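Numbers 136 to 313, taken from the numbering used here, label the letters of the sequence shown in order. The beta-carbon is built from N, C-alpha and C at its ideal position, and this holds for glycine as well. Quick caveat, the model's predicted, so the values are computed rather than measured. Below: the structure, in structure tokens.
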Amino acid sequence: MKDPQAPPARIAVVMGVSGCGKTTIGHELAERLGVPFADADTFHPPANITKMSAGHSLTDEDRRPWLARIGAWLAEHHEVGAVATCSALKRDYRDLIRAAAPGVPFLHLAGPMEVAYARVAARPNHFMPASLMRSQYDTLQPLAADETGLTLDFNRSADEIVTAIVDFLTTSTSNPEA
136 MKDPQAPPAR IAVVMGVSGC GKTTIGHELA ERLGVPFADA DTFHPPANIT
186 KMSAGHSLTD EDRRPWLARI GAWLAEHHEV GAVATCSALK RDYRDLIRAA
236 APGVPFLHLA GPMEVAYARV AARPNHFMPA SLMRSQYDTL QPLAADETGL
286 TLDFNRSADE IVTAIVDFLT TSTSNPEA
């Protein structure tokens, strides 16, 4: 149910490494905002899923069509608002999404690798193996000061994180730490 205090319709990307809580936070945020939700995993072509399932990291070339699909989906929902999840680990990846969906804020769920690793290792039947966690942290480029977004500690409760995001979407376009 849409929160009556929620900001006007807006698109947003919940980003971070595997196991940071993107899907949980994305679902809850979309519900609170009363907008559609999409998990970026559903935009991966089968070849990407196969590659990751075999324990291989994706290349930038592998990611480009996937990122373009995410950006296109967000652009299609610009008027009604939407929340998508996406690792968006590099600035270049975020820029590809922004090219299709200008001004989209990135909401970075950040925290210790050990916690994310344990979460990924405990997930049943997911194509992303815990063995790729080190490469995700090595690849991660935190939000830069000139990027619209918010960085949040993924060890906080989902309600605290979603409330901080809604507050941010309502009042700010800067890149604070929360």
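As assigned by DSSP and simplified to three states, the class of residue i
i, result
"A313", "With a pLDDT of only 45 at A313, under 50, the local geometry of the prediction cannot be trusted, and no value is derived from it."
"A223", "coil"
"T177", "helix"
"R204", "helix"
"L209", "helix"
"F172", "strand"
"G238", "coil"
"V297", "helix"
"R269", "helix"
"T308", "Legend: pLDDT at T308 = 47, less than 50; position of this residue unreliable, value from coordinates given subsequently. Coil at T308, not helix or strand."
"G216", "coil"
"R254", "helix"
"A182", "helix"
"S188", "helix"
Opposing strand residues paired with residue i [DSSP bridges]
i, result
"M150", "C221 and H243"
"G284", "F241"
Distance CB(residue i)-CB(residue j) smaller than 7 angstroms
i, j, result
"C155", "F289", "yes"
"L244", "G151", "yes"
"A236", "G206", "yes"
"R226", "Q276", "yes"
"T177", "L224", "no"
"A173", "W201", "no"
"I160", "I296", "yes"
"F303", "L285", "yes"
"V255", "S192", "no"
"V148", "V250", "no"
Notebook entry, point to check: Pairing CB atoms from the segment 183–192 with CB atoms from the segment 228–235, are three or more of them under 8 angstroms?
Noted result: Proximity of the segment 183–192 to the segment 228–235 falls short of the contact definition, fewer than three beta-carbon pairs being nearer than 8 angstroms.
Next item on the list: Assess, as a yes-or-no matter, whether the segment 213–227 is touched by the segment 165–172 under the definition of 3 or more beta carbon pairs within less than 8 angstroms.
Entry: Below 8 angstroms, enough C-beta pairs join the segment 165–172 and the segment 213–227 to call them touching: three or more.
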